[in-house]
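Numbering (the numbering used here), first residue to last: -6 to 184. Don't be surprised by glycine CBs; every beta carbon is placed ideally from N, CA and C. Following: one structure in structure tokens, then a few remarks.
Written out as structure tokens, the structure reads:
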């Protein structure tokens, strides 16, 4: 094999690998390269107990949600979008369970992904969502939490550690069970 043929062959292999990777990513994201997809596999996902990445979220109704300010509470972070059918399916459940847990050390924070603020506000109004919601405009929170699709929920214990991850829509029974399990755990001093 000539040197020229060898160079062409060696440069062609990485290009083929790149095109295969781009094709896989495009198929995984519903044909929209670089876009977030709707989860098609549902259930609890194993997570390493590590400190939850801190974030500050500008809320759609004004103000800011700071994760650090919620230490001592069980926090459920819900990643959603107004155009997501499974998100729409579970929105009434999340609103109902949030109301049920009022007065307990529990907080929900909705993180809207790549939506126009007016669409997000219409969604919140339509489903009567009472808990704080904001738009992750640059995707930083999404990346920090390793979100791969929506809906996705991250449960943070009272010590500020990621305790659970749930992919797909949750029903009220599973949501209550996750919250009750974390509420039953006492905070660990110095953790």
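Query: Contact between the segment 159 to 173 and the segment 134 to 146 (3+ Cβ pairs under 8 Å); Result: yes
Query: C-beta atoms of residue 50 and residue 153 nearer than 9 Å; Result: no
Query: Inside the segment 84 to 114 only - beta strand (DSSP E) runs reaching at least 3 residues; Result: 99 to 106
Query: For residue 103 and residue 120, believed in contact at Cβ under 8 Å, the rounded distance; Result: Rounded, the Cβ-Cβ distance is 10 Å, inconsistent with contact.
Query: Bridge partners - residue 163, DSSP secondary structure assignment; Result: In DSSP, residue 163 forms no bridge with anything.
Query: Contact the segment 90 to 110 vs the segment 124 to 137: 3+ CB pairs below 8 Å; Result: yes
Query: Spatial distance of residue 118 from residue 40 (CA atoms); Result: 33 Å
Query: Within 9 Å, strictly: CB atoms of residue 150 and residue 168; Result: no
Query: Residue from 182, 46, 96, 108 with nearest C-alpha to residue 73; Result: 108
Query: Length-filtered (3 minimum) beta strand (DSSP E) runs lying within the segment 111 to 156; Result: 126 to 129, 145 to 149
Query: Outcome for residue 155 when other beta-carbon atoms lying within 10 angstroms are tallied against a minimum of 16; Result: buried
Query: Range of the contiguous beta strand (DSSP E) that encloses residue 51; Result: 49 to 51
Query: Residue 52 and residue 58 closer than 9 Å at C-beta; Result: yes
Query: Within 9 Å, strictly: CB atoms of residue 91 and residue 122; Result: yes
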